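Participant: For the sequence shown, position 147 (counting from the first letter as 1) is numbered 147 according to our numbering, and the numbering increases by one without interruption.
Cβ atoms here follow ideal geometry from the backbone N, Cα and C, with glycine treated the same way.
Quick caveat: nothing in here was measured; it's all calculated off a predicted structure.
I have a structure I would like to understand better, so I am pasting it below and will then ask my questions one at a time.
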Amino acid sequence: MSNNDTNKRPAARKPVVLMSMGTQERKGHAYQVMTHKYITPLAEIAGCVPVLAPSCCGVDDIDQYLSMVDGVYLTGAGSNIDPALYGQKNKTPSKGQDKERDLFDIPLIRAALKRGLPLFAICRGMQEINVALGGTIHQKAYEVPGLNDHREDSNDPVAVQYADSHTVQALPGSWFAELMGDAAFPVNSLHGQALDQLGEGVEALAHAEDGLVEAIHLPGVEQFTLAVQWHPEWQAAQNPHSVKIFKAFGDACREYAAQRD
1 MSNNDTNKRP AARKPVVLMS MGTQERKGHA YQVMTHKYIT PLAEIAGCVP
51 VLAPSCCGVD DIDQYLSMVD GVYLTGAGSN IDPALYGQKN KTPSKGQDKE
101 RDLFDIPLIR AALKRGLPLF AICRGMQEIN VALGGTIHQK AYEVPGLNDH
151 REDSNDPVAV QYADSHTVQA LPGSWFAELM GDAAFPVNSL HGQALDQLGE
201 GVEALAHAED GLVEAIHLPG VEQFTLAVQW HPEWQAAQNP HSVKIFKAFG
251 DACREYAAQR D
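So this is what it looks like as structure tokens:
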């Protein structure tokens, strides 16, 4: 062994973050999937190690999953949450659902909160948190009087779909406004559904120009909690606000890991 080898210190353990996958059918086969755009900023900006959990295997192993990780990250998806989970009939039957993910993520959220794990969520994940805590969803936010149409045009190129669409106003004086460093900042917008009645303990951190809730947290719990309706994962490294969000989550996971060691 050379002197250089003996002087090397072992690399610091990175925090491990659980990501639940979704169900997708391809040519008659059921797949569990996760989009690269969600994984890469977690690894490259937050500095965490992703662990992908299949939602198709049920909930029996949730506690074991959570015992191995330092944070939970709930992503967006093309599917809607089953409205029966918040006491409504389905008003968008043509839109795909992923009931396996619904039935996995809702108990996952509740268990993660009990464990004190840092929690970060995007788009569908934000809506899952609200439903898990007893809140409801605007199934057709674009038909709600006073709200704008926050959907993307599926005929546009992907880069256009994910381009900045409107401004978000952070809650003045909040830790989120301080983190972002701006009272208002531009975000993309690719969702037909949105938060309606907020769940127990859920508090808005930011709103769109039309008043729609764009970010939430749970001020009654000690751990880091943040969920946003837009997509900060899109080209995150080129967006200073996205970088701040992923770094803050990564730092929270590192703090949790350090306390556990």
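(1) Quick one: what's got a C-beta closer than 8 Å to L179's C-beta in the same chain, skipping five residues either side?
(2) If you run the structure through DSSP and keep just helix, strand and coil, what is S20?
(3) Out of G78, Q127, L108, point me to the one whose CA is closest to K95's CA.
(4) In the DSSP assignment, what residue or residues form a beta bridge with T167?
(5) Expressed to the nearest angstrom, what Euclidean distance is found between the alpha-carbon atoms of D153 and A159?
(6) How would you write the range of the beta strand (DSSP E) that Y65 sits in, first residue to last?
(7) What whole-angstrom Cβ distance do I45 and A236 have, given they're in contact under 8 Å?
(8) Quick one: using the 10 Å Cβ neighbour count with 16 as the cut-off for buried, is C57 buried or exposed?
(9) At the level of alpha carbons, what is the spacing between D60 and V17?
(10) Quick one: using the 10 Å Cβ neighbour count with 16 as the cut-off for buried, is H231 buried or exposed?
(11) So L113 packs on V221, CB below 8 Å; how close in whole Å?
(12) Tell me, to the nearest whole angstrom, how far the beta carbon of Q229 is from that of E214; I am working on the premise that it is less than 8 Å.
(13) Let me know the secondary structure DSSP gives P50 once reduced to three states.
(14) Within 10 angstroms of the Cβ of V131, are there 16 or more other Cβ atoms? Answer buried if so, exposed if not.
(15) Do you know offhand how far L265's Cα is from S174's?
(16) When the Cβ atoms of the segment 33–42 are set against those of the segment 65–82, are three or more pairs found closer than 8 Å?
(17) Which residues in the same chain have their Cβ closer than 7 Å to the Cβ of P107, if we skip the five residues on either side of it in sequence?
(18) Rounded to whole angstroms, what's the CA-CA distance from A30 to L147? Just pull it up for me.
(19) So, are the CB atoms of Q193 and H138 less than 8 Å apart?
(20) Excluding the 5 residues flanking G211 on each side, which residues of the same chain have their C-beta closer than 8 Å to its C-beta?
(21) Taking its Cβ as the centre, do 16 or more other Cβ atoms sit within 10 Å of S242, making it buried, or is it exposed?
(22) Helix, strand or coil: how does DSSP classify G199 here?
(23) Going straight from the alpha carbon of A184 to that of C123, what length do you get?
(24) Report the option in V72, P93, Y73, D70 whose CA atom is closest to the CA atom of I81.
(25) Taking 8 Å as the threshold (beta carbon to beta carbon), is D153 in contact with chain B?
(26) Below 6 Å CB to CB, which residues in the same chain sit around Y256 once its five sequence neighbours on both sides are set aside?
(27) Considering F224, what are the terminal residues of the beta strand (DSSP E) in which it resides?
Facilitator: Working from what's here:
(1) K244, I245, A248
(2) strand
(3) G78
(4) P186
(5) 11 Å
(6) Y65 -> not in any beta strand (DSSP E); alpha helix (DSSP H) instead, spanning 62–67.
(7) 6 Å
(8) exposed
(9) 19 Å
(10) buried
(11) 6 Å
(12) 5 Å
(13) strand
(14) buried
(15) Residue 265 lies beyond the range of the chain shown here (1 to 261); nothing can be said about it.
(16) yes
(17) V59, I62
(18) 36 Å
(19) yes
(20) G146, L147
(21) buried
(22) coil
(23) 19 Å
(24) P93
(25) No chain B appears in the structure shown, which is made up of a single protein chain.
(26) D70, P118
(27) Unbroken run through F224: none, as it is neither H nor E.
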